[in-house]
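A short worksheet on the structure shown next.
Chains as they are written, first to last, in full-length UniProt numbering: chain A, 1 to 308; chain B, 1 to 285; chain C, 1 to 372.
Below is the structure:
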């Protein structure tokens, strides 16, 4: 028979240690990888505070903010900032508009639209460096199909990436070709996940299509747009593959984006400290952007998990 | 009564065709080039009608190119092999390291876990050169420079966050009670992990694995900095072609075709997971 | 013999103290029905017993052995989860066989046992189906079968009838006692349904605000509730509760309800002069058409048949409401209500509660001696 409360010595039960250690044990490898990232990162921070040229190792010395201070009056630095920002703004701006337009175009779930969406994704699955190589073949002045085609419409001396005036246009075009599908596919998934009722109600009420788009579709799509755009901003500001494969930052310094500049500083001019300082400036930008991104992305992620 | 097709519909159909043309034409054109001789490629005007030749591919596979000025060694097959080794080993290691960690992060709420997960995530978005440049020095110190192991270790930067975050989401979707029930039935923790958690998260694990394979394959900058010629994957190897003298354009095209085919096929195969993978698990397709 | 014993168990989540210093014991073959509002910690208690969670303090003994620190796989406990928790990638057969597989039981024996239990639970025809192909009722039976199959020492049932439809719930309520008897284990049955608790439990425990308000056989819970809340929760239709203040008069202990003094038995003397609630079970209110000595005039508002009894909704001139029950046949005389009736209240079997804290002040004389 039961009694209400049996009096007895209160014993503190304890899980064996291995149970409490289990989560730590499981994440140990990931932790090691983390350390493997954080140690070089700290080293990079240290480099950026040093005068350090690997061809003149005996001149290596702490100069603290020295590298950063020279940036203030360094036209190469400001050129890099300008090039990176314009590259980022052009690519992400065009990709957003184009991606949204294509997503709207393919919004209805028909067999053709689904196949078209997959087909559009293919450029995204090609390594950007190889994509650049493909475009290099197509824009070759001797035999490139695109050079031939623009020649047909009268632009006989269009030099694509080799001319300072069109180099930016060319790499932006390649970036758009590769990464528009990324924004498109995310927005398409977003559009198809939107609830139907607001649209049905608007249709019943005879609300004009432009009003529906700006007041219903766009606001409801905003979390997806934000996530996709921030994702792209983060990638675009760090662009390396396409620019390096196309022109290595040239012609001149026309395409000298952050990572290409840092790469050349390190491996061509052997200026380790200055290269690291370039990367730290870039890192700061990406750090701010990635915090914004992660916030948005977590919200979207929770929504996706909640829908299960 | 004649059926009337609205102008808008025609416009939309035309727009769809233009979009497809824009995205597919470069692939199509380079594919054609890979079956052409240099003479055919240099023809003006270009034409899509030509007698296809396999000489570009045979040159790549035989590793020797006979030209008027002599013969040239091509190491492309070695590049292809490197890509296969690096990508598949990286994914395999990332799965072994990442899946248990993803499980730990999903099931046990502990601060260290969150810190690891978010550190890896935020470095997914940090400039890769920032970590790579100092790593060159460290790798020289510990003898990992220009080894597969060193490269695979660095490739974890791409693969691990992807696997961790996608698979974590799948583990979180499994009701903990299902695992509790299995434990209560008398099974050990390890058995529960392998017989319940892993099978139920399998779609997520597959998606994450395929995606990280594609991303690892497509990576350029890691190998550019860390690998010498005989460890280089196709992305770096194909670029080296352009600068090497005497190479024929058709061979470059053929190398590109061979380099992108695996990822394109994988993408087609894994299409329903792509959206989820590309958004690191935030959007379900 | 005591199979399961809980001593001084405490569990908190952060600052939220789920329960504190809880203890009870259940013998083999006995069922403890745990009732109480949701969020009262019932499910957590089951998880502690199963070893899915560890308590902050206190101990759990199975067959006299402290199982603290022992993993769920080694406790010999069967659990039927509220959400079934079937393995979605295994057939019903494999689901049920899982506890036997864990023990390395040989294949032939597994098949024999699963078939046996499945037949007992009438799911032998769906054994090859995946859980998603099963109806809710079949899922629930599969989960039960899985919990029962290896004849665990302790069986924990977490509101197993909550997610099934009314008809099945009714059937299972009749079937479960038989199953539990066959299983011969110490069973804990968690439910939010008080009738279910009364019907299934050899003992009923009411867990409220982190402690056991009462653990007793169902009959005792009904006739001798520890507090006004328990009296209100157990009983259908619910007990009538009226404010009152017992006074000693020349005629003995009296209480004034419905403007009329009524006698109270002497064991209520402790409540004298205090603000009380008097609780009168509807079956202790008798209703007639004839006025008699000690009867009160009431308006009969409605008559609702309930199984073999009828519930009468009454109201006096002041508008105070009163519930009564009577055999359904007798209710025929009342027609559909809306007329004057006369009511007598058996105050000798009433309950008295403190109006401030709801504690029971005095109990009616026990029909049988109190449990030790």
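For glycine and all other residues, C-beta sits at the position ideal for the given N, C-alpha and C. Note that the structure is a prediction, hence the values are computed from the model and not measured.
Residue 20 of chain C sits in a strand when the DSSP states are folded into three classes. At least one CB atom of chain B sits nearer than 8 Å to the CB of residue 71 of chain C. Taking C-alpha positions only, residue 147 of chain C is separated from residue 306 of chain C by approximately 35 Å. For residue 109 of chain B, the number of other beta carbons within 10 angstroms of its own is below 16, and it is reported as exposed.
From the beta-carbon of residue 191 of chain B, no residue of chain A is found nearer than 7 Å; the closest lies around 14 Å away. Under the Cβ criterion (8 Å, minimum of three pairs), the stretch 81–95 of chain A counts as touching the stretch 245–262 of chain A. Nearest CB-CB separation between residue 81 of chain C and chain B: below the 8 Å threshold. In the DSSP assignment, residue 299 of chain A is bridged to no other residue.
Residue 181 of chain A belongs to the set of residues whose beta carbon lies under 8 Å from a beta carbon in chain B. Counting only residues of its own chain and dropping the five nearest sequence neighbours on each side, residue 331 of chain C has a CB closer than 6 Å to the CB of 303 and 310. Around the beta carbon of residue 3 of chain C, a 10 Å sphere encloses 16 or more other beta carbons of the protein chains shown; the residue is thus reported as buried. In terms of beta-carbon proximity, residue 80 of chain A stays away from the interface with chain B, with every pair separated by 8 Å or more.
Beta-bridge analysis with DSSP links residue 189 of chain C to C/33 and C/157.
Counted as a single uninterrupted DSSP element, the alpha helix (DSSP H) harbouring residue 180 of chain A occupies residues 167–193. Below the 7 Å Cβ cutoff, chain A contributes 127, 129 and 130 as neighbours of residue 235 of chain B, in chain order.
According to the DSSP assignment, residue 320 of chain C belongs to no beta strand (DSSP E), since it is labelled neither H nor E. Taking 8 Å as the CB threshold, residue 141 of chain B stays off the interface with chain A.
DSSP places residue 54 of chain C in the coil class of the three-state scheme, outside both helix and strand. In this chain, the alpha helix (DSSP H) harbouring residue 142 of chain C covers 136–148. From the beta-carbon of residue 349 of chain C, no residue of chain B is found nearer than 7 Å; the closest lies around 45 Å away. Under the three-state reduction of DSSP output, residue 62 of chain A falls in the strand class. Within the stretch 120–167 of chain B, the alpha helix (DSSP H) runs of at least 4 residues that lie entirely inside it are, in chain order, 128–142. Contact check between the stretch 146–164 of chain B and the stretch 94–107 of chain B: three or more CB pairs, one atom from each, fall below 8 Å, which counts as touching. The secondary-structure analysis by DSSP pairs residue 11 of chain C across a beta bridge with C/19. The beta carbon of residue 229 of chain B is closer than 6 Å to none in its chain, skipping five residues each way along the sequence. Listed as beta-bridge partners of residue 276 of chain C by DSSP are C/244 and C/354. Closer than 8 Å at the C-beta level to chain B, one finds these residues of the stretch 30–53 of chain C: 47, 50, 51 and 52.
Nearest CB-CB separation between residue 188 of chain B and chain C: below the 8 Å threshold.
Under the three-state reduction of DSSP output, residue 228 of chain C falls in the helix class.
Residue pairing by DSSP places residue 286 of chain C opposite C/344 in a beta bridge. CA-CA distance, residue 197 of chain A to residue 222 of chain C, rounds to 52 Å. At a beta-carbon threshold of 8 Å, the residues of chain A lying near residue 284 of chain B are 189, 193, 304 and 307, ordered along the chain. At a cut-off of 8 Å between beta-carbon atoms, residue 157 of chain A makes no contact with chain B.
Within the DSSP secondary-structure output, residue 252 of chain C pairs in a beta bridge with C/249. For residue 327 of chain C, the secondary structure class from DSSP, reduced to helix, strand or coil, is strand. Positions of the alpha helix (DSSP H) runs, each at least 4 residues long and wholly inside the stretch 38–123 of chain B, are given as 38–41, 55–62 and 76–107 in order along the chain.
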